[in-house]
Amino acid sequence: MRLPSFCTDPFHYNRRVTREVKVGLIGVGGGNPIRVQSMITCDTMDTEACIRQTMDLAAVGCEIVRITAPTFKDAQNLRNIKRGLLERGCNVPIVADIHFKPEAAMEAARWVEKVRINPGNYADSKKFAVKEYSDDQYAAELDRIRERFTPLVHLAKERGTSLRIGTNHGSLSDRIMNRYGDTPLGMVESALEFARIARDLQFHDF
324 MRLPSFCTDP FHYNRRVTRE VKVGLIGVGG GNPIRVQSMI TCDTMDTEAC IRQTMDLAAV
384 GCEIVRITAP TFKDAQNLRN IKRGLLERGC NVPIVADIHF KPEAAMEAAR WVEKVRINPG
444 NYADSKKFAV KEYSDDQYAA ELDRIRERFT PLVHLAKERG TSLRIGTNHG SLSDRIMNRY
504 GDTPLGMVES ALEFARIARD LQFHDF
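Here the working numbering is used: the sequence shown runs in plain steps of one and ends on residue 529.
Here it is in structure tokens:
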């Protein structure tokens, strides 16, 4: 019995061709090497601790550092963190990790090189509701998402900030769950909905 083949050559890896996205001065994708990224663990409002952990990561070769910004106040403090890093000669790009609050994403985009949003909760609060969406209702929901997401895209274009559209199974929206279930397809479609909006707005740094 012949086993199914999932790759053209089990002994040689061919890298998928992708386009480059810049995170500050660091190129990701395209012909760039795999970039080393990590995330600090301290309270984002503890400016000195954030600066210290970020510099420690950069000192051991981390090329991009992610910092959570769950609230607008946290996002505001990214300005102080970034300023403190630059004053100490550390220009490692910072990625703000955003959940639930578009206003926090908007604020973060003013101060850091990249903003990560989760399409499952950027414009939706999860209610675990069971609802069948007609095509018209589904289209109306997509229009609502576009309205919430567009200001961030425009600001990112204006400031040269890149975006990461990061999905996971644990936070798919009720709308996606009801149409696609908790499936890989649902996770991909969740990201593609936001990617299509960005493309329509001529934004490609994601």
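Each residue gets a CB set at the ideal place from its N, CA and C atoms; glycine is no exception.
For residue i, the residue or residues it bridges with in DSSP
{"i": "Ser289", "result": "The structure shown does not extend to residue 289, since the chain is modelled only from 324 through 529, so no value can be given for it."}
{"i": "Gln525", "result": "Answer by DSSP bridge pairing: none, since Gln525 is not bridged."}
{"i": "Lys345", "result": "Gly350"}
{"i": "Leu376", "result": "In the sequence as presented, Leu is not what sits at residue 376; that position holds Gln. None, per the DSSP bridge assignment."}
{"i": "Ser513", "result": "According to DSSP, which records beta bridges pairwise, Ser513 is partnered with nothing at all."}
Residue i: first and last residue of the uninterrupted beta strand (DSSP E) it sits in
{"i": "Gly489", "result": "Looking at the DSSP string, Gly489 is not in any beta strand (DSSP E), and its letter there is neither H nor E."}
{"i": "Val351", "result": "349 to 351"}
{"i": "Met362", "result": "360 to 362"}
Other residues of its chain near residue i: CB distance less than 7 Å, five sequence neighbours each side excluded
{"i": "His422", "result": "Pro393, Asn441, Asn444"}
{"i": "Glu430", "result": "Phe395, Ala398, Gln399"}
{"i": "Arg467", "result": "Ala446"}
{"i": "Cys373", "result": "Ile363, Cys365, Thr367, Ile390, Ile404"}
CA nearest to the CA of residue i, picked from the options
{"i": "Asp505", "options": "His492, Val344, Leu408, Leu478", "result": "His492"}
{"i": "Glu426", "options": "Val476, Met510, Leu348, Val388", "result": "Val476"}
{"i": "Asp420", "options": "Thr364, Tyr503, Gly483, Arg339", "result": "Thr364"}
{"i": "Arg433", "options": "Pro474, His335, Gly350", "result": "Pro474"}
{"i": "Val346", "options": "Asn414, Met500, Ile404, Gly384", "result": "Asn414"}
{"i": "Val418", "options": "Glu410, Ala428, Ile488, Glu436", "result": "Glu436"}
{"i": "Ile357", "options": "Glu386, Ala381, Arg482, Gln376", "result": "Glu386"}
{"i": "Ala514", "options": "Gly483, Arg469, Arg482, Thr484", "result": "Arg469"}
Start and end residues, alpha helix (DSSP H) containing residue i
{"i": "Met500", "result": "497 to 503"}
Same chain, Cβ closer than 6 Å to residue i, neighbours up to 5 away in sequence not counted
{"i": "Gly494", "result": "One point to set straight first is that residue 494 is Ser, not Gly, in the sequence displayed. So the qualifying residues of the chain are Asn441, Gly443, Asn444."}
{"i": "Met378", "result": "Cys413"}
{"i": "Ile520", "result": "Arg469, Phe472"}
Sequence-distant residues of its chain with Cβ nearer than 8 Å to residue i (five each side left out)
{"i": "Thr341", "result": "Gly352, Gly353"}
{"i": "Leu524", "result": "Thr473, Val476, His477, Lys480"}
{"i": "Gly384", "result": "Val359"}
Next on the checklist: Extract the residue ranges of the beta strand (DSSP E) inside the region 379 to 442, only unbroken runs of 3 or more that lie entirely within it.
Outcome noted: 387 to 391, 417 to 420, 437 to 440
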